[in-house]
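Student: Pasting in a structure now, in structure tokens, and then I'll have a few things to ask.
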Amino acid sequence: MAQSTPEAGSGRGFAGAGQEATVPVPAAAGSGPISHAIFRLARLHRMFAGQLLRRIGLHPGQELVMMHLWELGPQRQADLVRLMDSDAATMTRTVRRLEQAGFVRRRPCATDKRASLIEPTAASHALRREVEQVWAQLEDLVAADLDTAGRADALHTLERLEHNLVRATTDPSASPTDAQTRPTG
86 MAQSTPEAGS
96 GRGFAGAGQE
106 ATVPVPAAAG
116 SGPISHAIFR
126 LARLHRMFAG
136 QLLRRIGLHP
146 GQELVMMHLW
156 ELGPQRQADL
166 VRLMDSDAAT
176 MTRTVRRLEQ
186 AGFVRRRPCA
196 TDKRASLIEP
206 TAASHALRRE
216 VEQVWAQLED
226 LVAADLDTAG
236 RADALHTLER
246 LEHNLVRATT
256 DPSASPTDAQ
266 TRPTG
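In my numbering, the protein residues as written are 86 to 270.
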């Protein structure tokens with residue numbers, strides 16, 4: 086693994102005491118060490134999720150669609166887009182791939198003749214336990230050295246960070262303005 090260097094980010098980009106960053110922290114990211122850490126964490130999380138999911142025939146993100154379908158039953162594709170906070174093109178590809186794998190099927194919507202419902206197949210129901218096991222493995226990898234309190238603290242912090250970003254996307258006044266972030270002088 087590449088280790089952060091004091092020059093990268095003027096010492097503010099270290100991964101933590103005694104820990105290595107998975108990618109070097111460039112000096113330009115020095116003013117955003119949390120954001121860079123989120124980038125690194127998300128990249129690694131997706132990589133490990135992909136490895137675990139490939140074993141059961143899924144790609145990252147597909148299991149989330151399946152989780153919603155298992156829990157909520159058949160859904161219109163537009164509803165899946167909203168549930169997943171996705172875009173139509175990505176959801177179209179995801180559903181097409183799940184359909185080709187035999188995990189979902191489309192059927193006409195009784196209330197909207199223009200729409201079809203995406204529903205899980207019997208094959209996908211057999212996959213549910215494996216998806217749950219993959220998520221348990223992923224959770225164990227991510228939180229391996231955290232006790233119950235540490236896991237709760239980590240979850241609280243991540244939820245707070247997510248809340249901050251959601252607020253920034255829905256309330257422009259919550260985001261720093263150029264004048265607030267631009268150095269003066």
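For every residue, glycine included, the Cβ atom is placed at its ideal position computed from N, Cα and C.
Given the structure is predicted, the values throughout are model-derived calculations rather than measurements.
Take the Cβ of residue 148 as the centre, count every other Cβ of all protein chains shown within 10 Å, and call the residue buried at 16 or more, exposed below.
Tutor: Flag for residue 148 reads buried.
Student: So, does the region 221-240 touch the region 139-157, judging by three or more C-beta pairs under 8 Å?
Tutor: Touching, no.
Student: For residue 231, report the span of its beta strand (DSSP E) as first-last.
Tutor: From DSSP, residue 231 is part of no beta strand (DSSP E); its letter is neither H nor E.
Student: Leaving out the 5 sequence neighbours to the left and right, which residues in its chain are closer than 7 Å to residue 113 when beta-carbon positions are compared?
Tutor: Taken in chain order, the list of residues that qualify is empty.
Student: Which residues does DSSP pair with residue 203 in a beta bridge?
Tutor: Note: residue 203 sits in a beta bridge opposite 160, 191.
Student: Going by other Cβ atoms of all chains shown within 10 Å of its Cβ, with 16 needed for buried, is residue 179 buried or exposed?
Tutor: Residue 179 should be labelled buried.
Student: Take residue 215 and list the residues in its own chain whose beta-carbon comes closer than 6 Å to its own, dropping the five residues that flank it on each side.
Tutor: Only 141 meet the Cβ criterion.
Student: Would you call the region 127-137 and the region 152-171 touching, i.e. three or more CB-CB distances under 8 Å?
Tutor: These segments do not touch.
Student: Between the C-alpha atoms of residue 217 and residue 258, what's the straight-line distance to the nearest angstrom?
Tutor: Taking the straight line joining both Cα atoms gives about 40 Å.
Student: Is residue 254 helix, strand or coil when you go by DSSP?
Tutor: Residue 254 falls in the helix class under three-state DSSP.
Student: Measuring CB atoms only, is the region 231-249 touching the region 186-200, in the sense that at least three cross pairs come out at less than 8 Å?
Tutor: Not touching, per the Cβ criterion.
Student: What ranges does the alpha helix (DSSP H) occupy inside the region 101-159, keeping only unbroken runs of at least 4 residues that lie completely in it?
Tutor: DSSP runs (the alpha helix (DSSP H)) wholly in the region 101-159: 118-139, 147-157.
Student: Note down, in chain order, each residue of its chain lying with its Cβ closer than 6 Å to the Cβ of residue 153, except the 5 sequence neighbours on either side.
Tutor: Once the five neighbours on either side are set aside, the close Cβ partners of residue 153 are 168.
Student: Compare the C-alpha of residue 208 against each of 252, 185, 243 and name the closest.
Tutor: Of the listed residues, the one whose Cα sits closest to residue 208 is 185.
Student: Provide the residue span of the alpha helix (DSSP H) that contains residue 174, from first to last.
Tutor: It spans 173-185 - the alpha helix (DSSP H) in which residue 174 sits, taken as one unbroken run.
Student: As a quick exercise: from 143, 195, 198, pick the residue whose alpha carbon is nearest that of residue 182.
Tutor: Among 143, 195, 198, the Cα nearest to that of residue 182 is on 143.
Student: Check whether the Cβ atoms of residue 203 and residue 165 lie closer than 8 Å to each other.
Tutor: Yes.
Student: Around the C-beta of residue 110, are 16 or more other C-beta atoms found within 10 angstroms, so that it is buried, or is it exposed?
Tutor: So residue 110 counts as buried.
Student: Are residue 239 and residue 229 close, meaning C-beta to C-beta below 8 Å?
Tutor: Against a cut-off of 8 Å, the Cβ pair of residue 229 and residue 239 comes out as no contact.
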